[in-house]
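The opening position of the sequence shown corresponds to residue 371 in our numbering, with each subsequent residue numbered one higher.
Note that the Cβ used here is the ideal one computed from N, Cα and C, for glycine as well.
Remember, it's a predicted structure, so these values are computed and weren't measured experimentally.
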Amino acid sequence: MRIFQVINVRWFNATSWYALYLSKLLQDAGHEVLLITVPGSETEEKAIEMGLNVQTIELNSARPLKLINACTKVYSLIKKHKPHVVNCHRGEAFFWWGILHKLRMGYKLVRTRGDQRLPKSDFFNRYLHSKVADAVVVTNKRMADHFLEKMELAENRLWLIHGGVDSDKFCFDPEGRRQVREKFGFTEDDVVIGMLGRFDRVKGQKELIEALAKTRNNVDGKSIRLFLIGFPTATSKHEVDTWLTNNGLTDITAISGKCENVTACISAMDIGVIASLWSETIARAALEIMACERPLISTSVGVMPDLLPAQALVPPQDVNQLSLKLDEIINSPGFKEELLKEH
């Protein structure tokens with residue numbers, strides 16, 4: 371089949387990741403895939419790096435001349451490639467491709483929602499998803515329930531497809547674990563609590579730091595270390611350092627910065643934590659941690675209730691509950707083994 375994947379996201383976030391890896395899998399399966407994104411974006415850069423066919427269009431511009439130029443390019447691509455399927459991963463592009471679809475341009479239209487925000491259930495939105503789109507793909511049960519109950523979408527038009535992970539790339543690496551722990555000064559006796567994710571308020575680094583400061587007093591006889599696998603984006607390193615200083619954790623914390631071997635860094639953990647305040651609609655980091663056979667606890671946001679048992683979850687932004695869950699997983703080998711079986 372000839373497939374257009376439309377992903378007008380500038381940053382290589384989870385939504386972009388889902389679109390790019392779906393494109394790569396389809397291309398590897400023999401389909402003709404064209405990825406359409408915005409110029410000069412991280413998404414474009416990553417797509418080219420992955421060997422995908424890429425076309426850039428100013429899909430996000432509201433300026434009349436750029437909008438006319440974008441529409442002309444879209445029309446030209448349709449005429450040239452005659453796609454069988456167009457899959458829109460963002461709402462802005464979905465609207466325009468929906469109009470072209472209603473003009474009988476000859477393709478099936480799919481709307482993939484990798485966003486944590488529930489769509490409004492007004493008449494126009496219901497019409498767009500149920501009468502214009504041929505199928506809707508969602509990445510978590512909460513979103514699926516919203517489409518069935520609030521958006522009144524027919525069940526046979528809805529597909530729940532969780533994010534995936536390359537288990538050949540992301541698997542426990544004993545040698546990588548040894549090297550990373552040696553590099554950052556972790557001993558074999560240390561219990562390393564790890565978080566994988568960019569420095570951003572949504573990821574909950576602050577809440578994890580505050581929770582671990584409480585937990586540190588409840589684990590007598592155990593040497594606790596914190597490993598933040600990530601780098602500054604919306605949140606600066608200075609801000610993270612301030613949280614660590616204020617909570618007395620500077621001396622037990624290591625920050626990886628940009629990590630060339632993510633699998634080795636994950637393997638260096640003893641316990642993984644997702645402390646996100648919201649989002650985690652796809653939960654790429656969680657899937658990678660689980661694939662590396664590291665026991666994982668999380669806040670109950672996004673897709674996490676689909677991936678982990680209830681006993682591994684705590685409410686978002688609840689530092690006390692997160693601290694208690696850290697106490698439990700650090701002090702209970704049986705709990706860790708139970709979680710690994712669930713992974």
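For W764, does the count of other Cβ atoms within 10 angstroms reach 16, so buried, or fall short, so exposed?
As displayed, the chain neither begins before 371 nor continues past 713, which places residue 764 out of reach and without an answer.
Per DSSP, what kind of secondary structure is M660 in: helix, strand or coil?
If you number the sequence shown from 1, residue 660 lands on position 290. Looking at M660 - three-state DSSP - the assignment turns out to be helix.
With distances taken from CA atoms, which of P602, K490 and I406 is nearest M513?
Position 143 of the sequence shown, counted from the first residue, corresponds to residue 513. Among P602, K490 and I406, the Cα nearest to that of M513 belongs to K490.
According to DSSP, is S446 part of a helix, a strand, or is it coil?
By 1-based counting over the sequence shown, the position of residue 446 is 76. Three-state result, S446: helix.
Tell me the start and end of each unbroken beta strand (DSSP E) in the region 468-515 that is at least 3 residues and wholly inside, in chain order.
Counting only runs of at least 3 residues, the region 468-515 fully encloses the following beta strand (DSSP E) elements, listed from N- to C-terminal order: 478-483 and 505-508.
What is the DSSP secondary structure of C458, counted as helix, strand or coil?
Within the sequence shown, numbered from 1, the residue matching residue 458 stands at position 88. Strand.
Comparing C-alpha positions only, which one of A463, L619 and R433 sits nearest to L405?
Taking the first residue of the sequence shown as 1, we reach residue 405 at position 35. Cα-wise, what sits closest to L405 is A463.
Bridge-paired residues (DSSP) for T651
Translated into positions along the sequence shown, residue 651 becomes position 281. Looking at the DSSP assignment, T651 forms no beta bridge with any residue, so it has no partner.
Determine, using beta carbons only, whether V480 and A440 come nearer to each other than 9 Å.
Reading the sequence shown from its first residue, position 110 is the one you call residue 480. Reading the sequence shown from its first residue, position 70 is the one you call residue 440. Cβ distance not < 9 Å, so V480 and A440 don't count as in contact.
What's the call for P453, buried or exposed, on a 16-neighbour Cβ count within 10 Å?
Within the sequence shown, numbered from 1, the residue matching residue 453 stands at position 83. By the 10 Å Cβ count, P453 comes out buried.
Have a look at the DSSP bridge pairing and note the partners of V403.
To locate residue 403, count along the sequence shown from 1; it is residue 33. Looking at the DSSP output, V403 shares a beta bridge with I373.
Return yes when the C-beta of S637 is under 8 Å from any heavy atom of the ligand SAM, and no when it is not.
By its list of ligands, the structure shown contains no ligand whatsoever, and the ligand SAM lies outside what it can speak to.
Simplified DSSP state of G642, which is helix, strand or coil
For the purposes of this step, residue 642 is identified with residue 272 of the sequence shown, where counting begins at 1. Correct three-state label for G642: strand.
C-beta atoms of T633 and D570 nearer than 9 Å:
Start at 1 with the first residue of the sequence shown, and residue 633 comes out as number 263. Start at 1 with the first residue of the sequence shown, and residue 570 comes out as number 200. The answer is no: Cβ separation not under 9 Å.
Pull up the CB-CB distance for I599 and C541, whole angstroms please, since I reckon it's below 8 Å.
Translated into positions along the sequence shown, residue 599 becomes position 229. Translated into positions along the sequence shown, residue 541 becomes position 171. I599 to C541, Cβ: 17 Å. No contact.
What number of angstroms, rounded off, separates the C-alpha of S386 from the C-alpha of T413?
Within the sequence shown, the letter at position 16 stands for residue 386. Within the sequence shown, the letter at position 43 stands for residue 413. Roughly 6 Å separates the two Cα atoms.
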